[in-house]
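These protein sequence lines are chains E and S, in that order.
One point on numbering: in UniProt numbering, the residue at position 337 of the first sequence is 337, and numbering is uninterrupted.
One point on numbering: in UniProt numbering, the residue at position 132 of the second sequence is 132, and numbering is uninterrupted.
Cβ atoms here follow ideal geometry from the backbone N, Cα and C, with glycine treated the same way.
Bear in mind the structure is a predicted one, so any value in this text is a computation, not a measurement.
Protein chains: 2
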Amino acid sequence: MAHGARGGRSGGRPTLEEVAARAGVGRGTVSRVINGSPRVSAATRAAVEAAVAELGYVPNNAARALAANRTDAIALVVPEPETRFFAEPYFSDMLRGVGAELAETQMQLLLIFAGNDRERRRLAQYLAAHRVDGVLLVSVHADDPLPDLVAQLEIPAVISGPRSAAETLTSVDSDNYDGARQAVEHLLARGRRRIAHITGRLDVYGAQRRADGYRAALRDAGYEADLRLIEVGDFTEEGGHRAMGALLDRCPDLDAVFAGSDVTAAGARRLLREAGRRIPDDVALIGYDDSAIARHMDPPLTSVRQPIQEMGRRMIDLLLTEIADRRPAPTRELEPRQLVLPAELVVRASS
Amino acid sequence: MAHGARGGRSGGRPTLEEVAARAGVGRGTVSRVINGSPRVSAATRAAVEAAVAELGYVPNNAARALAANRTDAIALVVPEPETRFFAEPYFSDMLRGVGAELAETQMQLLLIFAGNDRERRRLAQYLAAHRVDGVLLVSVHADDPLPDLVAQLEIPAVISGPRSAAETLTSVDSDNYDGARQAVEHLLARGRRRIAHITGRLDVYGAQRRADGYRAALRDAGYEADLRLIEVGDFTEEGGHRAMGALLDRCPDLDAVFAGSDVTAAGARRLLREAGRRIPDDVALIGYDDSAIARHMDPPLTSVRQPIQEMGRRMIDLLLTEIADRRPAPTRELEPRQLVLPAELVVRASS
DNA sequence: ATCACCTGTGGGAGCGCTCCCACAGTATCT
DNA sequence: AGATACTGTGGGAGCGCTCCCACAGGTGAT
Numbered sequence: 001m002a003h004g005a006r007g008g009r010s011g012g013r014p015t016l017e018e019v020a021a022r023a024g025v026g027r028g029t030v031s032r033v034i035n036g037s038p039r040v041s042a043a044t045r046a047a048v049e050a051a052v053a054e055l056g057y058v059p060n061n062a063a064r065a066l067a068a069n070r071t072d073a074i075a076l077v078v079p080e081p082e083t084r085f086f087a088e089p090y091f092s093d094m095l096r097g098v099g100a101e102l103a104e105t106q107m108q109l110l111l112i113f114a115g116n117d118r119e120r121r122r123l124a125q126y127l128a129a130h131r132v133d134g135v136l137l138v139s140v141h142a143d144d145p146l147p148d149l150v151a152q153l154e155i156p157a158v159i160s161g162p163r164s165a166a167e168t169l170t171s172v173d174s175d176n177y178d179g180a181r182q183a184v185e186h187l188l189a190r191g192r193r194r195i196a197h198i199t200g201r202l203d204v205y206g207a208q209r210r211a212d213g214y215r216a217a218l219r220d221a222g223y224e225a226d227l228r229l230i231e232v233g234d235f236t237e238e239g240g241h242r243a244m245g246a247l248l249d250r251c252p253d254l255d256a257v258f259a260g261s262d263v264t265a266a267g268a269r270r271l272l273r274e275a276g277r278r279i280p281d282d283v284a285l286i287g288y289d290d291s292a293i294a295r296h297m298d299p300p301l302t303s304v305r306q307p308i309q310e311m312g313r314r315m316i317d318l319l320l321t322e323i324a325d326r327r328p329a330p331t332r333e334l335e336p337r338q339l340v341l342p343a344e345l346v347v348r349a350s351s
Numbered sequence: 001m002a003h004g005a006r007g008g009r010s011g012g013r014p015t016l017e018e019v020a021a022r023a024g025v026g027r028g029t030v031s032r033v034i035n036g037s038p039r040v041s042a043a044t045r046a047a048v049e050a051a052v053a054e055l056g057y058v059p060n061n062a063a064r065a066l067a068a069n070r071t072d073a074i075a076l077v078v079p080e081p082e083t084r085f086f087a088e089p090y091f092s093d094m095l096r097g098v099g100a101e102l103a104e105t106q107m108q109l110l111l112i113f114a115g116n117d118r119e120r121r122r123l124a125q126y127l128a129a130h131r132v133d134g135v136l137l138v139s140v141h142a143d144d145p146l147p148d149l150v151a152q153l154e155i156p157a158v159i160s161g162p163r164s165a166a167e168t169l170t171s172v173d174s175d176n177y178d179g180a181r182q183a184v185e186h187l188l189a190r191g192r193r194r195i196a197h198i199t200g201r202l203d204v205y206g207a208q209r210r211a212d213g214y215r216a217a218l219r220d221a222g223y224e225a226d227l228r229l230i231e232v233g234d235f236t237e238e239g240g241h242r243a244m245g246a247l248l249d250r251c252p253d254l255d256a257v258f259a260g261s262d263v264t265a266a267g268a269r270r271l272l273r274e275a276g277r278r279i280p281d282d283v284a285l286i287g288y289d290d291s292a293i294a295r296h297m298d299p300p301l302t303s304v305r306q307p308i309q310e311m312g313r314r315m316i317d318l319l320l321t322e323i324a325d326r327r328p329a330p331t332r333e334l335e336p337r338q339l340v341l342p343a344e345l346v347v348r349a350s351s
């Protein structure tokens with residue numbers, strides 16, 4: 001009777017055992033029905049389902065998690081302050097894709113911000129306690145220790161945007177190299193010949209890939225690299241403004257700019273306007289991300305679109321696969337998968 | 001040995017029992033230390049803490065949840081599609097407040113969208129499974145069955161914005177009545193005498209209260225109610241535009257408008273402009289919510305600000321209290337608490 | 001000295017599941 | 001006919017905790 005009062009045997013929620021008694025079968029059989037095992041006869045299954053309905057039975061999740069050693073939850077970790085999460089459409093698109101894919105399953109999504117030190121410590125605790133079956137890492141910087149922590153704890157994880165060409169975690173990315181190529185080839189096709197590039201932060205792998213794509217497109221078209229046409233930026237508007245100034249000083253004859261992000265392009269546009277250059281008449285401009293900024297810019301900005309929602313969906317796919325694969329043989333070594341989705345050029349008036 | 005292989009006795013995470021053995025104490029004592037019970041001597045506590053550190057022990061959450069019948073998680077339920085969640089600053093402010101308050105505890109926050117039927121069914125399942133200790137309900141419409149479901153399942157809950165004066169759930173709200181009063185009194189003080197009101201959807205209790213406050217302010221100033229000055233709106237811009245048209249037809253001599261929301265005010269402004277009325281020279285305009293719209297309107301809109309972040313914080317306070325109070329005596333009846341926080345008028349150029 | 005009452009501690013029982021072994025009953029092969 | 005294999009089922013053991021009872025040893029009142 002030690003526990004009789006606690007659980008409230010009579011008034012509380014029904015248990016598996018009670019369902020079994022009601023249906024006149026054993027505990028194991030009810031468990032099999034609940035979990036959709038095929039090893040149950042149709043008649044038995046019907047009887048159990050009737051008992052479940054009559055009693056309004058819902059499995060106790062904690063018991064299930066304890067016995068089966070899983071949580072049926074995965075975490076979406078955002079290593080940014082909440083402010084940015086709401087400000088950038090990237091996250092909402094990603095969340096939409098993730099949510100849509102997850103709705104098919106009975107997995108639960110946890111949204112975890114790790115924008116400051118305290119939040120990060122909490123997250124580390126949380127992961128150490130294995131309170132989730134897997135982790136989605138989005139928007140992680142190259143020097144972030146989070147991916148290593150996750151790997152060390154042997155928690156299945158998928159990262160959006162590999163940290164380098166040698167990424168050890170499973171990753172999903174869009175094709176930054178080809179996206180940049182498309183942008184540059186489009187500019188070449190429109191007759192531009194002096195095409196500059198303002199890069200993103202080069203410690204972000206995607207920014208490196210975009211710069212690579214830019215160079216490759218020019219090289220393949222027979223133009224030899226002109227380093228004066230490349231200026232390192234940092235994804236910010238201010239950086240774009242500054243970089244554009246430097247480029248214009250060095251190469252007053254440039255006739256196109258491929259910017260590493262839409263925000264960067266906005267900064268570049270501001271300087272071009274100050275310098276009296278018309279877009280696209282004097283200088284064509286292309287951004288990256290196809291964000292709201294691009295659509296509302298004057299003139300509307302040609303930009304490279306990443307299929308972010310689709311990326312979210314595929315990240316869940318891969319994560320669920322990884323979780324399934326690690327069960328029940330945690331020893332088997334899985335080679336990391338690197339999925340790359342196509343990017344797409346959205347042409348508007350700026351080019 | 002049935003389970004020997006499953007759990008991985010040797011290589012896996014340490015258990016309470018192992019910590020106890022290491023520290024040379026009993027299982028109960030370790031549990032007491034982990035849970036911060038005062039009934040442990042300083043020496044014993046130190047020994048246990050050392051063992052915990054050496055072994056890198058982290059409690060197994062599922063086991064804890066099963067044994068103690070709690071989950072250490074609460075849900076923030078958003079009965080809207082995700083789109084609106086990201087579009088409206090209301091939610092991000094709320095989330096910030098909630099997050100800040102929750103960071104003090106070791107409770108986990110779950111963000112759950114219930115914007116469509118499927119999501120709602122999932123949520124119902126989730127609640128029935130008692131996978132959270134408590135629920136925060138935000139932005140709930142009057143006819144939403146969610147609050148009743150929660151009440152019926154006897155899950156502690158706090159609602160933002162009571163559904164009526166007779167709300168049975170614990171609620172946190174801002175003072176809509178007084179906010180409206182402040183707006184109208186401000187207009188009166190500036191010499192306006194023909195003050196119109198475009199209400200919000202009147203099935204939203206807060207909108208009713210704003211209308212009440214509007215009427216009370218006028219009555220207290222000695223003006224008898226002129227029903228022609230009130231037009232029912234619906235919180236949308238289109239509704240504001242339409243309502244403003246109706247008001248102007250009926251009362252061409254009005255000299256001020258108090259709108260039920262900033263969005264409504266934006267619609268009203270559009271019509272006023274079309275009608276050639278200058279703001280604030282001919283007609284003063286006041287909105288509600290103090291959203292980004294208000295700051296960026298031309299002219300900047302005077303608006304009533306609700307302390308949304310603070311509301312989020314207080315909701316958590318109340319919810320945690322409620323959870324604590326229901327343990328371990330679920331029978332004790334708690335009277336619902338209705339907390340009302342002050343609203344504040346932010347004066348700008350439109351009035 | 002006796003009794004009552006604290007403080008600190010150990011450990012049994014139980015939370016509600018899943019996993020897996022055992023076994024009855026039937027079908028299939030030699 | 002016997003051996004072999006499968007299908008469907010029951011239930012023991014165990015997951016890692018918390019709760020609570022029991023009890024040792026100390027302290028103060030009578």
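Inset, instruction - Consider the Cβ of residue 31/E: report whether some Cβ of chain S lies at a distance smaller than 9 Å. - result: Your numbering for residue 31/E matches position 31 in the first sequence. Judged by the 9 Å Cβ criterion, residue 31/E is not in contact with chain S.
Inset, instruction - Could you tell me how far apart the beta carbons of residue 157/S and residue 134/S are, in whole angstroms, since I believe they sit closer than 8 Å? - result: The residue labelled residue 157/S in the question sits at position 157 within the second sequence. The residue labelled residue 134/S in the question sits at position 134 within the second sequence. Indeed they touch by this definition, with Cβ atoms about 6 Å apart.
Legend entry - Unbroken alpha helix (DSSP H) run spanning residue 179/E, endpoints: Numbered from its first residue, the first sequence carries residue 179/E at position 179. Looking at the DSSP string, the run of the alpha helix (DSSP H) that includes residue 179/E is 176-189.
Legend entry - chain E contact for residue 296/S (CB, 9 Å cutoff): Locating residue 296/S in the second sequence gives position 296, counting from the first residue. Chain E contact via Cβ: absent.
Legend entry - Short Cβ contact (9 Å threshold) for residue 199/E with residue 115/E: Position 199 of the first sequence, counted from the start, is the residue given in the question as residue 199/E. Position 115 of the first sequence, counted from the start, is the residue given in the question as residue 115/E. Cβ atoms of residue 199/E and residue 115/E: not closer than 9 Å.
Legend entry - Range covered by the alpha helix (DSSP H) that runs through residue 323/S: If you number the second sequence from 1, residue 323/S lands on position 323. Where residue 323/S is concerned, the enclosing alpha helix (DSSP H) stretches over 308-326.
Inset, instruction - State the start and end residues of the unbroken beta strand (DSSP E) segment that holds residue 344/S. - result: Here the question's residue 344/S lines up with position 344 in the second sequence. Element bounds for residue 344/S: 344-346.
Inset, instruction - Could you tell me which residues DSSP pairs with residue 85/E in its beta bridges? - result: Here residue 85/E refers to the residue found at position 85 of the first sequence. Per DSSP, none; premise fails for residue 85/E.
Inset, instruction - Using a Cβ cut-off of 9 Å (strictly closer), state whether residue 421/E contacts chain S. - result: Here chain E has residues from 1 to 351 only, and residue 421/E is not among them.
Inset, instruction - Tell me, please, whether the CB atom of residue 108/E is closer than 9 Å to any CB atom in chain S? - result: As a working note, residue 108/E is residue 108 in the first sequence. True, the Cβ-Cβ gap to chain S drops below 9 Å.
Inset, instruction - Would you check if the region 209-220 of chain E and the region 233-252 of chain E touch, i.e. whether three or more CB-CB distances between them fall below 8 Å? - result: no
Inset, instruction - Please list the partners that residue 61/S has in chain E, where partner means a Cβ-to-Cβ separation under 7 Å. - result: Here residue 61/S is taken as the residue at index 61 of the second sequence, counted from 1. Result: 129, 131.
Inset, instruction - Show which residues of chain E have a CB atom less than 7 Å away from the CB atom of residue 118/S. - result: Residue numbering aside, residue 118/S sits at position 118 when the second sequence is read from its first letter. Simply 103.
Legend entry - Buried or exposed by the 16-neighbour rule on C-beta atoms within 10 Å, applied to residue 197/E: Position 197 of the first sequence holds residue 197/E. Under this definition residue 197/E is a buried residue.
Inset, instruction - Can you grab the Cα-Cα spacing for the pair residue 267/E / residue 238/E, in whole Å? - result: Taking the first residue of the first sequence as position 1, residue 267/E is located at position 267. Taking the first residue of the first sequence as position 1, residue 238/E is located at position 238. Going by the C-alpha atoms only, they are around 6 Å apart.
Legend entry - Where residue 105/S sits in the DSSP three-state scheme: As a first step, residue 105/S is located in the second sequence; it is residue number 105 there, counting from the start. Three-state DSSP puts residue 105/S in coil, outside helix and strand.
Inset, instruction - Use the C-beta contact count for residue 322/S: other C-beta atoms within 10 angstroms, 16 or more gives buried, fewer gives exposed. - result: For the purposes of this step, residue 322/S is taken as the residue at position 322 of the second sequence. By the neighbour-count rule (16 or more Cβ atoms within 10 Å), residue 322/S is buried.
Inset, instruction - In the DSSP assignment, find the beta strand (DSSP E) that holds residue 196/S and state where it starts and stops. - result: Taking the first residue of the second sequence as position 1, residue 196/S is located at position 196. Per DSSP, residue 196/S belongs to the beta strand (DSSP E) from 195-198.
Legend entry - Proximity test, residue 35/E beta-carbon vs the ligand ATP heavy atom, cut-off 8 Å: As for the ligand ATP, it is missing from this structure, which has no ligand bound.
Legend entry - Separation of residue 236/E from residue 15/E, as counted between CA atoms: The residue you call residue 15/E lines up with position 15 of the first sequence. The residue you call residue 236/E lines up with position 236 of the first sequence. The alpha-carbon atoms of residue 15/E and residue 236/E are separated by roughly 56 Å.
Legend entry - As assigned by DSSP and simplified to three states, the class of residue 91/S: To locate residue 91/S, count along the second sequence from 1; it is residue 91. Of the three classes helix, strand and coil, the one that applies to residue 91/S here is helix, per DSSP.
Legend entry - As assigned by DSSP and simplified to three states, the class of residue 329/S: Residue numbering aside, residue 329/S sits at position 329 when the second sequence is read from its first letter. Its pLDDT being 49, under 50, residue 329/S is placed unreliably in this model, and the coordinates cannot settle the point.
Inset, instruction - Taking only beta carbons into account, state which residues of the region 12-44 of chain S come closer than 8 Å to chain E, listed in chain order. - result: 13
Legend entry - Closer than 9 Å to chain S by CB, residue 92/E: The residue given as residue 92/E occupies position 92 in the first sequence. Judged by the 9 Å Cβ criterion, residue 92/E is in contact with chain S.
Inset, instruction - Return helix, strand or coil for residue 201/S, following the three-state DSSP convention. - result: Sequence index remark: in the second sequence, residue 201/S carries index 201 (1-based). Note: residue 201/S maps to coil in three-state DSSP.
Legend entry - Terminal residues of the alpha helix (DSSP H) in which residue 302/S lies: Residue mapping note: residue 302/S aligns to position 302 of the second sequence, counting from 1. Premise fails: residue 302/S lies in the beta strand (DSSP E), 302-305, not in any alpha helix (DSSP H).
Legend entry - Local Cβ density within 10 Å of residue 29/S, reported as buried at 16 or more and exposed below that: Residue numbering aside, residue 29/S sits at position 29 when the second sequence is read from its first letter. Buried is the call here.
Inset, instruction - Indicate whether at least one CB of chain S lies closer than 9 Å to the CB of residue 313/E. - result: By 1-based counting over the first sequence, the position of residue 313/E is 313. Not closer than 9 Å to any Cβ of chain S, the Cβ of residue 313/E fails to qualify, so no.
Legend entry - N- and C-terminal bounds of the alpha helix (DSSP H) containing residue 51/S: Indexing the second sequence from 1 puts residue 51/S at position 51. Element bounds for residue 51/S: 42-55.
Inset, instruction - Spatial neighbours of residue 241/S within its chain, please: CB distance less than 8 Å, with the 5 preceding and 5 following residues excluded, ordered by chain position. - result: Counted from its first residue, the second sequence places residue 241/S at position 241. Closer than 8 Å at the Cβ level, and outside the excluded window around residue 241/S, lie 267, 268, 270, 271.
Legend entry - Three-state secondary structure (DSSP) of residue 173/E: The count along the first sequence starts at 1 and reaches residue 173/E at position 173. Residue 173/E falls in the strand class under three-state DSSP.
Inset, instruction - Using a Cβ-Cβ cut-off of less than 8 Å, list which residues of the region 234-258 of chain E approach chain S; keep chain order. - result: none
Inset, instruction - Closer than 7 Å by beta-carbon distance: list the chain S residues that pair up with residue 66/E, in chain order. - result: Taking the first residue of the first sequence as position 1, residue 66/E is located at position 66. Those within 7 Å of residue 66/E in chain S are 62, 63, 66.
Inset, instruction - Would you mind sorting residue 68/S into buried or exposed? The rule is 16 or more other CB atoms within 10 Å of its CB. - result: Start at 1 with the first residue of the second sequence, and residue 68/S comes out as number 68. Classification for residue 68/S: exposed.
Legend entry - Reduced DSSP secondary structure (H/G/I, E/B, other) of residue 100/E: For the purposes of this step, residue 100/E is identified with residue 100 of the first sequence, where counting begins at 1. Reduced to three states, the DSSP call for residue 100/E is helix.
Inset, instruction - Flag this pair as yes or no: are the beta carbons of residue 149/S and residue 127/S separated by less than 9 Å? - result: Looking up residue 149/S in the second sequence gives position 149. Looking up residue 127/S in the second sequence gives position 127. Contact flag set, yes.
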